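Notes follow once the structure below has been shown.
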Amino acid sequence: MSENKNASVTLNTIRSRVAGDWESLKQKTLITVGSATCGRAAGAVEVLESFRKEISRLQLDASVIEVGCMGHCYAEPMAVIYHPGFPGICYGYLDQGVASRLVQDFLVEGDPCVEFALAATGPNDYIPTFEDFPRGTVEQKHVMKHCGFIDPENIDHYLAVGGYQGLAAALSMSPDQVIAEVKSSGLRGRGGAGFPTGNKWELCGKAPEKTRYVICNADEGDPGAFMDRTLLESNPHLVVEGLAIAAYAAGASKAYFYIRAEYPLAVKRVAKALEQAAQCGILGQSVLGTDFSLEIEIFQGSGAFVCGEETALIASMEGRPGLPRHRPPFPSESGLNGKPTVIDNVKTLSHVPFITQKGSQWFRSMGTPGSPGTAIFALAGKLVNTGLTEVPIGTTLSRIIYDVGSGIAGNQTFKAVQIGGPSGGCLPKEVLDTPIDYDTLTRAGAMMGSGGMVVLDEHDCMVEIARFFLDFTQKESCGKCTFCRLGTKHMLGILERITKGQGKPDDIDLLLELAEDIKAGSLCGLGKTAPNPVVSTIKYFRHEYEAHINEKRCPSLMCKDLIAYYILPHKCERSCDACVGSCPVEAIYSDEDRIKVINQEKCVKCDSCMVACPPQYKAVVKVSPPDEVVRKEKVEQ
Amino acid sequence: MSEKITITIDGKTIETMAGHKILWAAMDSGIYIPHLCSARDNHSPSASCRLCFVEIEGYARPVTSCTEGAAEGMVISTRSQRVDRLVRTGFEMIISNHRIECRSCPRNRSCSLQQIAKERGLKLKPARLEKLNRNLPVDDSAQKVAHDPNKCVLCGLCVRACKEKGAGILGFSHRGFDRVITTFLGAPLGESGCDGCAACASACPVGSMTAKQ
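Chains as they are written, first to last, in the numbering used here: chain B, 1 to 637; chain Y, 1001 to 1213.
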């Protein structure tokens, strides 16, 4: 293919057409409401409606648009108001009332209501910017930079912020040069395994077969990971651009988005992005006026976890059951319809436009030598600020958890962090200060995986957490190979009996033995990584397993079968009947002194009494093992 | 593919074709490697039973011999500590999920599980693992064959045999531990167009699909 020097010229023509629109949009009042799935779940649609209604009622000259998510999911619904004379101000925790009030007070009366403001988007004298918070010193946003700021359904916004320049830059190089640039950038697959992206493209590009495919893997399925969804919902054009560059480099003229059908908004926004890109001449017969042509289609997956595995993904696209097959041949040699196929994760592709535009050296200036660039993590669990963050690889866990996530919610103590979803592992506080990259995480017993981080506190039982994740993988196992189908079932059975207090002394060793064999013996990545949560929790929290097995005690007071609820007589207020009323099975009665007592035979351990007991008394406690109640009763007497 | 090469398996020099799967190269020279799901003429083996592990010199870890093509000069060993351990665990898992009633089983003495146990000195009773009985109903509805899913090892040989020699009515359904061999919409064999060729019974390595007398 000849080099296409004119791609930038074509792009500039397209951009000059839209630049005016963007400028005029910014000159008058603009309200952007975060309406990705996280925002919608929190009520963004109602807030949006409220803004619109109030503005039309007051007949103001302001526009309201939907944008994606900027990563501060904890504060949703969020909106940014750009009002002439003020910096852009971001408001969080909105509801319909606050939205109408902002219109009235800010847009009409000129009071920016700083009490609702989270941060400003630019420097000013009275509201700190995002960069002024500890979080701002850790984060380094490139892929997520425009997420939550531009309209994902409007290609003009993306073009106005410099969009598709990476594609234009790539088209001015030969495919081999693009591959060389991506290779020297050291970009590794962000889907989990961390395979060098450039090498994958090269393998496909070198295949003698000329019909090739490129697939964007958006079959995100890890519990606690939602960055692919957010990227597709907030800035789909960036992913489209990355996919187009990958297709150009690998010599494919057909590409696919494999998006799970449970992400309807992502599907809708990507579809719109593809349509707009094609209309502008960025996709289709002659990409940016060059002789490279590319057609992109969306394939909706039905949501099986294993279909994120590349051979299973291909099988499901071909209309067969989504089962993995033996590799080799790798998809880069024989993939979709037997043709060479590149499969890259959403996040991997999102990095690509920056690499072709700014060069591999720029990319290497971030991250660690072995894992350059930034990584996106999804923060979930017992954190104050859950959401998404983009940090340079090599950032320590403690900076992510304490500076970005603002620490553990409810003044609790950090216990562990589960990284990499069900294929990852649980790391204890000793690992908090290790700079994390692909290799350090693997050494510590976890994995980068999709970048999901579930933070756990002292109330989380590590045996139960391991059981939870194994339950997930066991249910999602396709059942094809022996080790995964039966091995995970056996491991789950053992974990279940441990959490029920029926564990046997040899169970820990048996779990480790099975884990090792399942890792070595399974057919695909699902089975090979499924035992990780168990192995890592045994490695770092063996004492908890031993307490369950030897003492029938759950140290975190989480395993229902190993705890009992007990009302401390000296703390019970006597005249308060809150617990009695809350109990669904009438297990609580008053003794002769009107102290409340739980009938252990009747108690179903639903936790209602503990929640109902007013915080000034805190008379209801959990004890483990359950017969601790008897001992406590004796002491009280 | 048709180039003649020499490989060594367990110290024995063997002539075979380049690319020929090691499992079959070994079996053809009288060296037994445990296997359930592989068929000689299947060019895309499912590699699902995970029992045919071997060590190849220069390879970091044991590989399945049904998927690995032979190459000139390969030095292969069918036994090693790692291989034996994988086979032992894999076999124990399969046994834990297989209804053991050898004495009354039509495949007694011609069963692949018995053969593996004998060759590798393994027990037909799980030592470390609990039994995972599924208690599924036996399908006795067809005239010529019977299907006991509780003995099935999910090797898929019957599905293939049925497709190639029979009416093509068998397939897999469900996922994970619930995966079963079934007919369209789970209809009984007798009502699903089974033509009674019993190719499935000949293909079945255990006593799950059996021919009726």
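Cβ atoms here follow ideal geometry from the backbone N, Cα and C, with glycine treated the same way. It should be emphasised that the depicted structure is a prediction, and the values quoted were computed from it without experimental measurement.
Put simply, the CB of Cys-481 (chain B) is near chain Y, with a gap under 8 angstroms to one of its CB atoms. Note on geometry: alpha-carbon atoms of Val-306 (chain B) and Pro-324 (chain B) lie some 8 angstroms from one another.
If you look at Tyr-263 (chain B), you'll find it isn't in any alpha helix (DSSP H); DSSP assigns it neither H nor E. Bounds of the alpha helix (DSSP H) holding Leu-238 (chain B) are 236-250.
Here DSSP, grouped into helix, strand and coil, assigns Ala-1026 (chain Y) to helix. Around Leu-107 (chain B), the same chain offers Thr-29, Leu-60, Ala-62, His-83 as residues with beta carbons nearer than 7 angstroms, after the five sequence neighbours per side are excluded. Straight across, the Cα-Cα distance linking Cys-1037 (chain Y) with Met-1093 (chain Y) is about 15 angstroms.
When beta bridges are read from the DSSP output, Val-47 (chain B) appears opposite no residue. Listed along chain B are Cys-481, Thr-482, each with a C-beta nearer than 8 angstroms to that of Cys-1049 (chain Y).
In the structure shown, His-1147 (chain Y) falls within a strand segment according to DSSP collapsed to helix, strand and coil. Under DSSP, no beta-bridge partner is assigned to Asn-1108 (chain Y). Here the C-alpha atom of Val-535 (chain B) lies approximately 50 angstroms from the C-alpha atom of Gln-1143 (chain Y). Across the structure, Tyr-164 (chain B) and Ser-286 (chain B) are spaced so that their CA atoms are roughly 15 angstroms apart. Taking C-alpha positions only, Gly-410 (chain B) is separated from Pro-422 (chain B) by approximately 26 angstroms. Taking a beta-carbon distance threshold of 8 angstroms, Ser-1096 (chain Y) counts as an interface residue toward chain B.
Under a criterion of Cβ atoms nearer than 8 angstroms, the residues of chain Y adjacent to Gly-521 (chain B) are, in order, Arg-1050, Phe-1053, Leu-1086, Thr-1089, Gly-1090. With fewer than 16 other Cβ atoms from the protein chains shown falling within 10 Å of its own Cβ, His-1174 (chain Y) counts as exposed.
When B:Ser-398, B:Gly-425, B:Ile-419 are compared, the shortest CA-CA separation from Thr-413 (chain B) is found for B:Ser-398. For Met-1074 (chain Y), the nearest beta carbon of chain B is not closer than 8 angstroms to its own beta carbon. According to the DSSP secondary-structure assignment, Met-1209 (chain Y) is paired through a beta bridge with Y:His-1147. Taking each of B:Asp-291, B:Lys-254, B:Thr-290 in turn and checking the Cα distance to Leu-274 (chain B), the smallest one comes out for B:Lys-254. Distance from the CA atom of Ala-278 (chain B) to the CA atom of Gly-289 (chain B), rounded to whole angstroms, is 12 angstroms. As a beta-bridge residue in DSSP terms, Cys-216 (chain B) pairs with B:Phe-257, B:Asp-344. The C-beta of Ser-477 (chain B) comes closer than 8 angstroms to at least one C-beta of chain Y. Remark: fewer than three beta-carbon pairs, one from each stretch, lie closer than 8 angstroms, so the stretch 129-142 of chain B and the stretch 261-272 of chain B are not flagged as touching. One Cα belongs to Leu-1051 (chain Y), the other to Ser-1112 (chain Y), and the distance between them is close to 12 angstroms. For Gln-474 (chain B), at least one C-beta of chain Y is nearer than 8 angstroms to its own C-beta. Beyond the five residues adjoining it in sequence on each side, Pro-569 (chain B) comes within less than 6 angstroms, by CB distance, of Ile-595, Glu-636 in the same chain, given in chain order. At least one C-beta of chain Y is nearer than 8 angstroms to the C-beta of Arg-485 (chain B). In terms of beta-carbon proximity, Phe-1177 (chain Y) lines the interface with chain B, with at least one pair separated by less than 8 angstroms.
Boundaries cannot be given for Ala-1060 (chain Y), as no beta strand (DSSP E) includes it and DSSP labels it neither H nor E.
Contact with chain Y is absent for Lys-339 (chain B), since none of that chain's Cβ atoms lies less than 8 angstroms from the residue's Cβ. Chain order gives no chain B residues near Glu-1164 (chain Y), where near means a beta carbon separation below 9 angstroms; the closest approach is about 18 angstroms.
When the Cα atoms are used, Thr-1210 (chain Y) and Asn-1135 (chain Y) turn out to be separated by approximately 18 angstroms. Residue pairing from DSSP leaves Ile-538 (chain B) without any beta-bridge partner.
From the listed residues B:Phe-330, B:Thr-368, B:Cys-478, the smallest Cα separation to Gly-527 (chain B) is found for B:Cys-478.
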